[in-house]
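Heads up: the sequence shown is residues 4 to 114, going by this note's numbering.
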Amino acid sequence: MARFVAAGILLLVPSWALAATDTAGSLFTVLLSLVLILGGFVAVAWFTRRYLPGMGAQGAVKVVGTTAVGARERVVTVEVGDTWLLLGVGGGNVRLLHTLPKPESVQEHGR
């Protein structure tokens with residue numbers, strides 16, 4: 004009977020060795036991996052906004068304002084350089100309605 008008890012205790016020794024893992028070290032590894040992955044996402048987003056054309060915040064064309072004149076039709080004012088373009092948008096096409104010089108004082112409206 005003592006043999007069986009000794010054999011049972013010897014079978015539990017490997018599980019005690021596995022239970023003694025360092026939880027602080029594994030938690031640090033998981034957190035470090037998470038920070039590296041999130042940092043990679045931020046770096047890719049920064050790279051695409053910085054170097055890919057048309058993705059940056061400062062473009063050559065700026066929409067100044069829009070007004071709906073129908074269910075699918077709009078009049079859009081677009082700033083290109085020192086010129087404002089009044090465009091009619093609707094029905095699958097865009098037409099230039101009028102060209103204006105950029106006004107000296109323009110109030111920026113928050114959207």
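For each residue, glycine too, the CB sits at the ideal point set by N, CA and C.
Note that the structure is a prediction, hence the values are computed from the model and not measured.
Around the Cβ of residue i, are there at least 16 other Cβ atoms within 10 angstroms (buried) or fewer (exposed)?
i    : result
R114 : Residue placement at R114 is flagged as unreliable, the pLDDT there being 45, under the threshold of 50; a coordinate-derived value is accordingly withheld.
Rounded to whole angstroms, how far is the Cβ of residue i from the Cβ of residue j, which I believe are closer than 8 Å?
i   : j   : result
T70 : R77 : 7 Å
T80 : V92 : The pair is not a contact, with the Cβ atoms about 11 Å apart (cut-off 8 Å).
Tell me where the alpha helix (DSSP H) around residue i begins and ends.
i   : result
L35 : 26-54
Going by C-alpha to C-alpha distance, which of the options sits closest to residue i?
i    : options            : result
R98  : E107, P104, L88    : L88
E82  : H101, R52, V38     : H101
A74  : V64, G94, G43, L37 : G94
G84  : E107, A63, V47     : A63
K105 : K65, V72, N96      : K65
Is there a C-beta anywhere in chain B that falls below 8 Å from the one on residue i?
i   : result
D85 : Of the protein chains in the structure, only one exists, and it is not chain B.
Query raised in the report: Hey, which unbroken runs of the beta strand (DSSP E) at 3 residues or more fall wholly within the region 62-109?
Result: 64-71, 77-83, 86-93, 96-104
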